[in-house]
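Residues in the sequence shown are numbered from -4 upward in steps of one, following this note's numbering.
By construction, the Cβ of each residue, glycine as well, lies at the ideal position given by its N, Cα and C atoms.
Since the model is a prediction, treat every value here as computed from it, not as a measurement.
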Amino acid sequence: MILKILGSVSPYPKADNNCVGYLIYDTDNKQKILLDCGNGITRLMSFPNDLENLTIIISHLHKDHYADLSAIAYASYVYHNLGLLNSKIKVYIPNSKDLEDYHYLINYGTEHYINFYVYSEKTRLNINDINISFYKTQHNIKTFAMNIIKENVKISYSADTGYTENISSFFQNANILICESSFLKHQKNGNINHLSAEEAATIAKKSNAKKLILSHFWPEIDKSNYLNEAKNMFENVDVALENKEYILKNYICKKR
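Set out below in structure tokens:
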């Protein structure tokens, strides 16, 4: 599998930084899985190729995690009409019927080439040889972390979450843990819905992750600050950088 970072910041894009999005390529089966699609990520996607055999999983219905779905949806409509997109995009959203955003997406209209599906914590997805499971996180709306596993390779994605003791068990032995680090530790001020870089590193250490990729930064803060804080707790850590790719095969993770 290849992991490509499309976006890394929140709650708004700035300069070369997009809101969060992570694209996984299964090079064996030509499948693509997009974890969240925040504002601006389509700038780094290759259309129409990245739309074919694409599954999108939205972790939660905050707009910085799904705003570019509108661009993908309309692109799918246009490319299908041109005969350049054969398979419908599959979009999974959490079962959040109490939110207006849920009803907006479920009743999205007609100018798209998408099938929408609803998932919960008990949902298990299988996309060819890839298995995906979910874990409900500590956040102010219903939000799910994810494990994406193919054979002996595991990519874990925290989505938005506060610190809980149990989340490390879900991420156990991940080859790559993509973990939010919205704050530096002196900025937390008791916030229970997001992590500091130090807390993200603590989770990586407890889960025995091979590599930690920090994500979900404030756009105005230099990413090196998050990196330095996390490295005090966990050595093998990177900050998410747009357009960076990681190749995963047989437990080995190579950056390119």
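On a CA-only basis, which of the options is nearest residue i? Give me that one, please.
i    : options                   : result
A292 : K117, L80, N142 and E160  : Nothing about residue 292 can be reported from this structure: the residues present for the chain run from -4 to 251 only.
D11  : T22, N44, L79 and N34     : N34
S202 : L243, I171, L56 and Y103  : I171
N220 : K206, Q182 and L243       : Q182
Y74  : T37, Y130, N44 and E146   : N44
S177 : E194, N161, F166 and Q167 : E194
L120 : I109, L94 and I88         : I88
A235 : N227, M228, W213 and L49  : W213
Y123 : Q26, G2 and S5            : Looking at the sequence shown, residue 123 is not Tyr but Asn. Nearest of Q26, G2 and S5 to N123, Cα basis: Q26.
V113 : N223, N102 and F166       : N102
S210 : L100, I125, G78 and S151  : S151
A66  : G185, N48 and I36         : I36
G16  : I173, N184, Y97 and L94   : I173
I242 : K9, Y7, T22 and P8        : T22
K145 : K218, K244 and I136       : K244
N76  : H107, E95, H134 and H57   : H107
I109 : L64, I208, P8 and K83     : K83
N48  : L222, F111 and K85        : K85
Looking at the structure shown, is residue i part of a helix, part of a strand, or coil, going by DSSP?
i     : result
F139  : strand
S176  : coil
D21   : strand
K183  : coil
L190  : coil
G35   : coil
N12   : strand
L(-2) : strand
Give me the Cβ distance between residue i and residue j, rounded to the nearest whole Å; I'm assuming they're in contact under 8 Å.
i    : j    : result
S258 : I198 : The question about residue 258 has no answer, for the chain in this structure spans -4 to 251.
T138 : H55  : 4 Å
A196 : M228 : 4 Å
S3   : D59  : Going by Cβ atoms, the distance from S3 to D59 rounds to 11 Å, so no, they are not a contact pair.
L30  : I52  : 6 Å
Excluding the 5 residues preceding and the 5 following residue i in the sequence, name in chain order all residues of the same chain whose CB lies nearer than 8 Å to its CB.
i    : result
A62  : C14, C32, G33 and N34
E160 : none
T132 : T138, F139, A140, S153, A154, D155, T156, G157, T159 and I162
I216 : L179
Y246 : The predicted position of Y246 is uncertain, since its pLDDT is 47 and thus under 50; no value can be drawn from it.
S191 : S176, S177, F178, L179, K180, Q182, K183 and E224
Give every residue of the same chain whose Cβ lies closer than 6 Å to the Cβ of residue i, excluding the five residues on either side of it in the sequence, and list them in chain order.
i    : result
N238 : L39
N24  : N123
S28  : It should be noted that the sequence gives Ile, not Ser, for residue 28. Cβ within range, chain order: I19 and T50.
N231 : K206
Check whether the Cβ of residue i lies closer than 9 Å to any Cβ atom in chain C.
i   : result
H98 : The structure shown contains no chain C, having only a single protein chain.
Any chance the CB of residue i is under 8 Å from a heavy atom of the ligand ATP?
i    : result
I216 : As far as ligands go, the structure on display features none, and thus does not contain the ligand ATP.
Excluding sequence positions up to five away, which residues of its chain have a Cβ less than 7 Å from the Cβ of residue i?
i    : result
T118 : F129
A70  : F42 and L46
So within the region 95 to 166, which uninterrupted alpha helix (DSSP H) runs reach at least 4 residues, ignoring any that extend past its ends? Look at the region 95 to 166 and you find these whole runs of alpha helix (DSSP H), each 4 residues long or longer: 95 to 101 and 162 to 165.
Taking the runs of the alpha helix (DSSP H) that are 4 residues or longer, which of them lie wholly in the region 50 to 94? Within the region 50 to 94, the complete alpha helix (DSSP H) runs of at least 4 residues are 64 to 76.
Secondary structure, beta strand (DSSP E): runs of 3+ residues fully inside the region 193 to 217: Uninterrupted beta strand (DSSP E) stretches at least 3 residues long and entirely within the region 193 to 217 occur at 206 to 210, given in chain order.
Counting only runs of 4+ residues fully inside the region 214 to 239, write out the alpha helix (DSSP H) ranges in chain order. Entirely contained in the region 214 to 239, the alpha helix (DSSP H) runs reaching 4 residues are, in chain order, 218 to 226.
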